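Q: When you read off a place in the sequence shown, starting at 1, and then add 883, the result is the number in my numbering. Every residue, glycine too, gets a C-beta built ideally from N, C-alpha and C. On a predicted model such as this, the values are computed, not experimentally measured, just so you know.
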Amino acid sequence: MPPVLAFRDVARSYRTAGGELPVLRGISGEVPAGRAVAITGRSGSGKSTLLHLAAGIDAPDSGEVLLLGRSLGRLSDRDRTLARREGIGLVFQFFHLLPHLTAEENVLVPALVAGDPPGPARARARSLLARVGLGGRGGDPVQKLSGGEMQRVALCRALLRRPTLLLADEPTGNLDEASGQVVMELLLEVAREEGSALVYVTHSRELAAAADEVWTLHAGRLEAARSGGAAPVAG
Ligand SMILES: Nc1ncnc2c1ncn2[C@@H]1O[C@H](COP(=O)(O)OP(=O)(O)OP(=O)(O)O)[C@@H](O)[C@H]1O
Ligand SMILES: [Mg+2]
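#1: If you measure from the CB of G902, is any heavy atom of ligand 1 nearer than 6 Å?
#2: Rounded to a whole number of angstroms, what is the C-alpha to C-alpha distance between P1000 and L1017?
#3: I'd like the list of long-range same chain contacts for L1090, defined as Cβ closer than 6 Å, with 5 residues on each side in sequence excluded.
#4: Alpha carbons only, please: which of A1004, L1043, D1059, R1040 is nearest the one belonging to S1029?
#5: Once you ignore the five residues that flank L955 on each side, which residues in its own chain have a CB closer than 6 Å to its CB?
#6: Would the beta-carbon of A1080 fall within 7 Å of that of R968?
#7: Which residue comes first and which comes last in the beta strand (DSSP E) that contains T964?
#8: Going by the C-beta, is Y897 closer than 6 Å to any heavy atom of ligand 1?
#9: Where does A942 sit, in a helix, a strand or coil, going by DSSP?
#10: May I have the straight-line CA-CA distance separating V1025 from L995, to the nearest angstrom?
#11: Mind checking whether the beta-carbon of T932 lies closer than 6 Å to any heavy atom of ligand 1?
#12: Any idea if P1003 is buried or exposed, counting beta-carbon neighbours within 10 angstroms, 16 or more meaning buried?
#13: How long is the line joining the alpha carbons of V914 and L951, rounded to whole angstroms?
#14: Would you say R1020 and A986 are within 7 Å of each other, going by their C-beta atoms?
#15: So which of R1035, V906, P886, Y897 has the shortest CA-CA distance to L1100?
#16: Anyone know if the C-beta pair for I910 and V893 falls short of 7 Å?
#17: Measuring only the C-alpha atoms, how far is E903 from C1039?
#18: Could you pull out every residue in the same chain whose Cβ sits closer than 6 Å to the Cβ of T1055, ignoring the five residues on either side in sequence?
#19: Pop quiz: F975 and D1052 are said to be a contact at Cβ under 8 Å. What is the actual Cβ separation, rounded to whole angstroms?
#20: Could you tell me how far apart the beta carbons of I922 and L933 are, in whole angstroms, since I believe they sit closer than 8 Å?
#21: Please tell me whether P885 and G972 are closer than 7 Å, where the distance is taken between their beta carbons.
#22: Evaluate R1119 with the Cβ neighbour count: other Cβ atoms within 10 Å of its Cβ, from every protein chain shown; 16 or more gives buried, anything less gives exposed.
#23: Rounding to the nearest angstrom, what Cα-Cα distance links F978 and A1037 in this structure?
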């Protein structure tokens, strides 16, 4: 089986007012099924850029991003959208929920977009909300929930369609330490239970250490280390 996600010598630069800015200079790495990888690095080191490439939201200047062995750049726009919809769940720092909809309606949005049968989708949404401790809150407008609760709703939404890959960009970045800790534990536990590979960006060494593997971005390159050991991993 091919890895869920693979980067092959990926480079990406941006045109800025000050000239060409090389952000990623040749990134290679693989995320096998069911594994959790934390991406760390300084602000501006390219963490979000790398996650956007993984999600197919952005495309590399050179190199390849492969989802389950399929190169995203070689797919048509339509097939790329489908691959993303079928294979990837996304969690963002600022939740990106629809404030006036209920928690359950927010979780159901991906099923509506994909045209899934509503009955099973609703049952799945309810069981996910119960799993993250929000069983009683499904009918409340999300704007009434706390930040940590909103992020748990966003996690359920990302997992609704059983993605093989869950991507999270600073999922605890907008939460206080205690609720951030709860969200991070749930993210890791539920991804593991569901069999989704997980790639999350975090500034926190402590939260990164909970992953199976830590990738650190520095000067456009990746320094990989397994959690709990300093052995470098060949990219
Ligand atoms: N669309 C763009 N146009 C120009 N420059 C960009 C664009 N997107 C990102 N950059 C630049 O690329 C660099 C990497 O940005 P990126 O958002 O990936 O960093 P990051 O590691 O996620 O930072 P942070 O920890 O602050 O979120 C930054 O210098 C940023 O200004
Ligand atoms: Mg970022």
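A: Taking the definition as stated:
#1: Your numbering for residue 902 matches position 19 in the sequence shown. G902: no, Cβ never under 6 Å from ligand 1.
#2: For the purposes of this step, residue 1000 is taken as the residue at position 117 of the sequence shown. For the purposes of this step, residue 1017 is taken as the residue at position 134 of the sequence shown. P1000 and L1017: Cα-Cα distance of roughly 23 Å.
#3: By one-based count along the sequence shown, residue 1090 stands at place 207. Result list for L1090: M1067, in chain order.
#4: Indexing the sequence shown from 1 puts residue 1029 at position 146. Taking only the C-alpha atoms, the option nearest S1029 is D1059.
#5: Position 72 of the sequence shown, counting from 1, holds the residue named residue 955. Residues G939, V948, R963 of the same chain have their beta carbon placed closer than 6 Å to that of L955, with the five preceding and five following residues left out of the count.
#6: Translated into the one-based positions of the sequence shown, residue 1080 becomes position 197. Translated into the one-based positions of the sequence shown, residue 968 becomes position 85. No, they are not a contact pair.
#7: Taking the first residue of the sequence shown as 1, we reach residue 964 at position 81. Taken as a continuous stretch (DSSP letters only), T964 belongs to no beta strand (DSSP E), being part of the alpha helix (DSSP H) at 960-970.
#8: If you number the sequence shown from 1, residue 897 lands on position 14. Indeed, a heavy atom of ligand 1 lies less than 6 Å from the Cβ.
#9: Stepping through the sequence shown from its first residue, residue 942 is reached at position 59. If DSSP states are grouped into helix, strand and coil, A942 belongs with coil.
#10: As a working mapping, residue 1025 is identified with position 142 in the sequence shown. As a working mapping, residue 995 is identified with position 112 in the sequence shown. Rounded to whole angstroms, V1025 to L995 spans 18 Å at the Cα level.
#11: Along the sequence shown, read from residue 1 onward, the residue named residue 932 stands at position 49. Checking the Cβ of T932 against ligand 1 gives yes.
#12: Stepping through the sequence shown from its first residue, residue 1003 is reached at position 120. Looking at its Cβ environment, which holds fewer than 16 other Cβ atoms inside 10 Å, P1003 is exposed.
#13: Counting from 1 along the sequence shown, the entry for residue 914 is found at position 31. Counting from 1 along the sequence shown, the entry for residue 951 is found at position 68. V914 and L951: Cα-Cα distance of roughly 10 Å.
#14: Taking the first residue of the sequence shown as 1, we reach residue 1020 at position 137. Taking the first residue of the sequence shown as 1, we reach residue 986 at position 103. Yes, they are a contact pair.
#15: Along the sequence shown, read from residue 1 onward, the residue named residue 1100 stands at position 217. Ranking R1035, V906, P886, Y897 by Cα distance to L1100 puts V906 first.
#16: Position 27 of the sequence shown holds residue 910. Position 10 of the sequence shown holds residue 893. Closer than 7 Å, so yes.
#17: Numbered from 1 along the sequence shown, position 20 holds the residue referred to as residue 903. Numbered from 1 along the sequence shown, position 156 holds the residue referred to as residue 1039. Approximately 39 Å between the Cα atoms of the pair.
#18: Taking the sequence shown and counting its residues from 1, the one referred to as residue 1055 is at position 172. Listed in chain order, the non-local C-beta contacts of T1055 below 6 Å within the same chain comprise G1063, V1066, M1067, local neighbours out to five positions each way being set aside.
#19: Position 92 of the sequence shown, counting from 1, holds the residue named residue 975. Position 169 of the sequence shown, counting from 1, holds the residue named residue 1052. Contact flag correct, Cβ pair sits at about 6 Å.
#20: As a working mapping, residue 922 is identified with position 39 in the sequence shown. As a working mapping, residue 933 is identified with position 50 in the sequence shown. Their Cβ separation, rounded to whole angstroms, is 6 Å, which keeps I922 and L933 in contact under 8 Å.
#21: What you label residue 885 is simply residue 2 of the sequence shown in a count that begins at 1. What you label residue 972 is simply residue 89 of the sequence shown in a count that begins at 1. No, these two residues do not count as a Cβ contact at 7 Å.
#22: What the structure shows of the chain is the stretch from 884 to 1118, and residue 1119 is not part of that stretch, so it cannot be assessed.
#23: As a position in the sequence shown, residue 978 is number 95, starting the count at 1. As a position in the sequence shown, residue 1037 is number 154, starting the count at 1. Going by the C-alpha atoms only, they are around 6 Å apart.
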